[in-house]
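So in the working numbering, the last one in the sequence shown is 644, and the numbering has no gaps at all. Note sheet for the following structure.
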Amino acid sequence: MIRSRVLVFVTALVVTLVFAASVQAARPTVEFELWTGVEPNQINTPYEDISTLTPYFPSSPNDTTGAAMIVCPGGDYAYLSEDEGEPFAAWLNELGISAFVLKYRLSVNGYHYPSQILDAQRAIRTVRAHALDWDLDPNRVGIIGAAAGGHLAALTLVHYDDGDPNALDPNERVRSRPDLGVLCYPVISMNDPNTHEGSRNHLLGDEVSDVNLLDYLSAELHVSPNTPPAFIMTTEPDPNIPVANSSLFAEALEANEVPYEFHLFEYEQPSGGRGRKADPVQGVGLGSDPGDTVNYHAWTGECAHWLYEAGYGLPHLGNIWPLGDSITYGAAAPSSIPGGYRKPLYENLFAQGYDFKFVGTVNSNSTTKLTNAGQQWHDGHSGYAIADFTIPGRNYSGLYDEVEAWIDKLDQKPDMILLMIGINDLNQKNDVTGAADRLDLLITRLFTLLPNVRLLIASVLDADSDNAYRHVPPNTDLHEPILNYNAGIASIVATRQGLGQNIEFVDMYAGFTLDDLSDGLHPTESGYNKMADIWTEAIKLNLPTSDVNTPTSD
Numbered sequence: 091m092i093r094s095r096v097l098v099f100v101t102a103l104v105v106t107l108v109f110a111a112s113v114q115a116a117r118p119t120v121e122f123e124l125w126t127g128v129e130p131n132q133i134n135t136p137y138e139d140i141s142t143l144t145p146y147f148p149s150s151p152n153d154t155t156g157a158a159m160i161v162c163p164g165g166d167y168a169y170l171s172e173d174e175g176e177p178f179a180a181w182l183n184e185l186g187i188s189a190f191v192l193k194y195r196l197s198v199n200g201y202h203y204p205s206q207i208l209d210a211q212r213a214i215r216t217v218r219a220h221a222l223d224w225d226l227d228p229n230r231v232g233i234i235g236a237a238a239g240g241h242l243a244a245l246t247l248v249h250y251d252d253g254d255p256n257a258l259d260p261n262e263r264v265r266s267r268p269d270l271g272v273l274c275y276p277v278i279s280m281n282d283p284n285t286h287e288g289s290r291n292h293l294l295g296d297e298v299s300d301v302n303l304l305d306y307l308s309a310e311l312h313v314s315p316n317t318p319p320a321f322i323m324t325t326e327p328d329p330n331i332p333v334a335n336s337s338l339f340a341e342a343l344e345a346n347e348v349p350y351e352f353h354l355f356e357y358e359q360p361s362g363g364r365g366r367k368a369d370p371v372q373g374v375g376l377g378s379d380p381g382d383t384v385n386y387h388a389w390t391g392e393c394a395h396w397l398y399e400a401g402y403g404l405p406h407l408g409n410i411w412p413l414g415d416s417i418t419y420g421a422a423a424p425s426s427i428p429g430g431y432r433k434p435l436y437e438n439l440f441a442q443g444y445d446f447k448f449v450g451t452v453n454s455n456s457t458t459k460l461t462n463a464g465q466q467w468h469d470g471h472s473g474y475a476i477a478d479f480t481i482p483g484r485n486y487s488g489l490y491d492e493v494e495a496w497i498d499k500l501d502q503k504p505d506m507i508l509l510m511i512g513i514n515d516l517n518q519k520n521d522v523t524g525a526a527d528r529l530d531l532l533i534t535r536l537f538t539l540l541p542n543v544r545l546l547i548a549s550v551l552d553a554d555s556d557n558a559y560r561h562v563p564p565n566t567d568l569h570e571p572i573l574n575y576n577a578g579i580a581s582i583v584a585t586r587q588g589l590g591q592n593i594e595f596v597d598m599y600a601g602f603t604l605d606d607l608s609d610g611l612h613p614t615e616s617g618y619n620k621m622a623d624i625w626t627e628a629i630k631l632n633l634p635t636s637d638v639n640t641p642t643s644d
């Protein structure tokens with residue numbers, strides 16, 4: 091269920107480094123102390139008592155947006171959950187967002203309110219104060235928290251100030267209001283019957299019966315029209331934190347016309363081998379075991395899109411499935427460009443700051459299988475994609491069963507398909523003139539199985555009369571049939587666009603000459619690079635954009 095007003099990895103080396111945050115200039119690379127000198131309300135001096143920030147920046151300037159998030163792990167205010175700290179930061183880095191994991195003070199070391207909220211506000215001030223030195227945008231500093239960390243994040247959304255212009259510490263002169271917040275199965279209220287008792291007791295200690303303080307720390311009671319936008323997610327039922335916490339905060343945002351998104355997911359019992367999903371003690375987390383980026387919970391995709399629309403995350407293309415023939419998977423690609431057009435396509439999109447993953451079936455051909463930055467380079471599907479089981483000597487179960495079987499095997503379903511049906515595909519049926527009708531059947535099947543997919547279809551490369559790859563006896567000229575087939579593709583696309591389907595025609599043929607082909611069929615290195623350039627521009631065309639401005643701090 092969604093109620094919404096939509097606002098349209100690199101692991102840091104963790105060591106203790108004690109120095110004054112106010113004198114930092116270059117980007118920090120290790121954990122650093124949050125406060126200069128003595129902390130407010132400091133009890134002891136051991137390391138366990140010291141609040142810190144650990145920085146995590148995206149791996150290169152090409153995949154960063156300049157936005158930053160403070161990460162507040164959960165843990166009932168008694169400990170810090172490992173699943174909601176560094177893994178969250180790594181996920182944010184994948185989206186191009188710099189992350190700072192906050193080690194705030196805990197009840198186990200004798201700390202109660204207001205130490206925790208002071209630490210969270212100080213973290214926001216610190217990152218914003220040094221934003222320009224660290225190549226960050228001071229107007230895009232958000233906060234994310236889970237469970238009790240979600241409560242801490244929510245408190246910063248409703249309790250903030252503009253800073254003290256007369257403060258000796260330059261960090262304290264900076265505003266503490268985050269520019270947006272992400273709240274994951276958050277504790278929100280400190281009042282019965284909706285509170286999470288453990289978090290309340292640990293946060294308040296002996297002051298747990300102070301009615302005024304309980305109200306002050308119930309974030310839903312302090313939402314105003316100036317509260318920053320928020321993304322909220324939780325599960326139903328939540329075995330630990332009452333769902334009412336999330337819904338009350340969403341309702342308060344709605345009442346004050348604050349942009350927000352609220353996602354309520356069905357609770358899933360933890361399943362072996364597929365990640366934690368929704369651990370009854372630890373919460374959902376990313377929905378996966380540490381280091382497992384395949385089995386992210388669905389909330390991460392929804393949040394990535396929301397962050398992108400808010401001006402934080404990289405443009406999110408989702409999962410891209412290259413589907414087609416030997417040209418697609420680079421079977422005859424030169425050794426200098428293994429993987430065919432997919433390698434330069436990945437490099438193009440990555441260099442331009444797009445967030446995506448290639449998906450497909452397992453590649454059994456070692457010469458065309460590549461891995462890079464977590465991407466999997468799968469082979470496309472061979473030349474019989476628009477043929478059927480009537481082809482003599484072919485062990486294919488037919489168009490419908492085959493496509494459905496391919497999709498069933500995908501762990502992550504595609505958001506976009508790049509479809510290229512080449513000369514082999516046309517000829518296996520010995521019926522080039524019927525190819526457009528068979529392609530139409532394939533498109534129908536794909537949209538039936540994946541109704542929300544974005545489908546890009548490339549025209550077929552031409553073949554001259556001497557092309558050795560022409561399989562239609564008795565060696566007939568394919569030039570005119572291919573031209574007619576390309577016209578048929580364009581017609582199919584136009585008809586389906588009229589029906590509201592997300593389908594586009596990519597005139598790959600128009601951009602090629604025989605000089606781009608090594609054997610009259612398969613591209614040369616320059617041909618594959620040209621193909622990647624054409625796909626890149628087609629993917630970028632008609633990407634959804636938001637007409638809502640990036641939130642500011644005022």
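Every residue gets a Cβ at the ideal spot worked out from N, C-alpha and C, and that includes glycine.
Pairing THR216 with ILE233 gives a Cβ-Cβ distance that is not under 8 Å. Under the 10 Å beta carbon count, VAL128 is surrounded by fewer than 16 other beta carbons and is classified as exposed.
When secondary structure is reduced to three states using DSSP, ILE582 falls in the helix class.
Under a 10 Å Cβ-count criterion, ALA577 is classified as exposed, with fewer than 16 other Cβ atoms of the shown protein chains found around its own Cβ. With a contact defined as Cβ atoms closer than 8 Å, LEU529 and ILE507 miss out at about 13 Å.
Put simply, the region 130–143 does not touch the region 264–275. Fewer than three CB pairs are less than 8 Å apart. Membership of ALA179 in the alpha helix (DSSP H) is indicated by the continuous run 176–184. Note that the C-beta distance between ALA238 and PRO228 is not below 8 Å. Ranked by how close their Cα comes to the Cα of VAL277, the residues VAL449, GLN502, HIS292 have HIS292 in first place. Collapsing the DSSP output to three states places HIS612 in coil.
Excluding sequence positions up to five before and after LEU407, its CB lies within less than 6 Å of the CB of TYR444, PHE446, all in the same chain and listed in chain order. The residues PRO228, VAL231, VAL264, ARG265, in chain order, have a CB closer than 8 Å to that of ARG218 in the same chain once the five nearest residues on each side in sequence are set aside.
Beta-bridge annotation (DSSP): MET621 is not paired with any residue. Excluding the 5 residues flanking it on each side, ARG117 has same chain C-beta neighbours closer than 6 Å at TRP224, in chain order. ASN409 has LYS447 as its beta-bridge partners, per DSSP.
Secondary structure of PHE440 (DSSP, three-state): helix.
Looking at the backbone, the Cα of PHE339 and that of LEU303 are separated by about 18 Å. If you compare the alpha carbons of LEU439, ASN385, HIS387, GLY375 with that of PRO405, the shortest gap goes to LEU439.
Just so you know, the alpha carbons of ILE410 and LEU273 end up roughly 29 Å apart.
Residue pairing of HIS569 in beta bridges, as defined by DSSP: absent, with no partner found. Taking CYS162 as the centre and dropping the five residues before and after it, the same chain places the C-beta of LEU192, GLY235, GLY239, LEU242, ALA243 closer than 6 Å to its C-beta, in chain order. With a contact defined as Cβ atoms closer than 8 Å, SER314 and ASN346 qualify at about 6 Å.
Approximately 5 Å separates the beta-carbon atoms of VAL198 and ALA168; this is inside 8 Å, confirming the contact. Proximity to GLY590 across THR626, PRO541, ASN619, GLU627 peaks at PRO541, based on C-alpha coordinates.
Contact check between the region 324–339 and the region 293–301: fewer than three CB pairs, one atom from each, fall below 8 Å, which does not count as touching. Distances from the alpha-carbon of LEU531 to those of TYR306, GLN502, ARG586, PRO319 put ARG586 closest. Within the DSSP bridge table, the entry for ALA189 names TYR146, MET159 as partners. In this structure, PHE355 sits near TRP389, with a CB-CB distance shorter than 8 Å. Counting along the chain, HIS353 sits inside the beta strand (DSSP E) bounded by residues 350–356. Contact between PHE448 and TYR431 is ruled out by a C-beta separation of about 11 Å, above the 8 Å threshold. If you draw a straight line from the Cα of GLY156 to the Cα of SER188, it comes to about 7 Å. A distance of 8 Å or more separates the beta carbons of ALA525 and MET598. By a beta-carbon distance limit of 8 Å, VAL583 does not contact PHE602. Their separation comes to about 19 Å.
Its chain contains ILE133 as the residues whose beta carbon lies nearer than 7 Å to that of GLY200, once the 5 sequence neighbours on both sides are disregarded; these appear in chain order.
Here THR538 is exposed, its C-beta having fewer than 16 other C-beta atoms within 10 Å.
For GLU347, the three-state secondary structure derived from DSSP is coil.
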